[in-house]
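Asker: There's a structure below that I have some questions on.
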Amino acid sequence: VTAEMSRLQLLARLEHRLWPAVRNPLHDLYIQLIGEEHFKNAFADELVLLYPSLIRRMSRSNTLGDVHLLDLSVQVFTVPSLVTRLVRERDLLGLQLGTLFRFFEDAKPVG
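Those letters in the sequence shown? Residues 4 to 114, by the working numbering.
Below, the structure is given as structure tokens:
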């Protein structure tokens, strides 16, 4: 944990350690806040930065049905104007393809 981390980055990093009684209401709060345009844009920028580590953590998790910050990617990646900005300003497509490539590389059998 560093001083340069945003609150969302901190929560995302610690999310898997939170009790479901805390994680679920936090997820609900994110959903409510995403309705506000300024928060949605700020959240989208943070989500793009966190995306590779969230995917990596989720792929290593053995818990099914838990609420994850990554679940909110649908709220971001289905808004055409937002996705266009993220592709242009944050290299979203390259980031997602790189993350997918690393996921398959890690899953490759050794030997």
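Ideal placement from N, C-alpha and C gives every residue a C-beta, glycine not left out.
Mind pulling the alpha helix (DSSP H) runs of 4 or more residues that sit fully within the segment 29 to 113?
Answerer: Segments of the alpha helix (DSSP H) lying fully in the segment 29 to 113: 40 to 63, 76 to 80, 83 to 93 and 95 to 110.
Asker: Given a threshold of 16 other Cβ atoms within 10 Å of its Cβ, counted over all protein chains shown, does ALA47 qualify as buried or as exposed?
Answerer: On the sequence shown, position 44 is the one that residue 47 refers to. Flag for ALA47 reads buried.
Asker: Whose CA, out of ILE58, PHE42 and THR87, lies closest to the CA of GLN99?
Answerer: Position 96 of the sequence shown, counted from the first residue, corresponds to residue 99. Nearest of ILE58, PHE42 and THR87 to GLN99, Cα basis: ILE58.
Asker: Could you give the DSSP three-state label for LEU21: helix, strand or coil?
Answerer: For this step, residue 21 is matched to residue 18 along the sequence shown. It is coil, neither helix nor strand.
Asker: Pairs of beta-carbons, one from the segment 79 to 87 and one from the segment 102 to 112, closer than 8 Å: are there three or more?
Answerer: Contact fails: fewer than three Cβ-Cβ distances are below 8 Å.
Asker: Under 7 Å Cβ to Cβ from LEU89, same chain only, skipping five residues before and after it: list those, please.
Answerer: For this step, residue 89 is matched to residue 86 along the sequence shown. Contacts found: ALA47, VAL51 and LEU95.
Asker: So, using beta-carbon positions, are GLU2 and GLN12 closer together than 8 Å?
Answerer: Outside the modelled stretch of the chain, which goes from 4 to 114, sits residue 2, for which no answer is possible.
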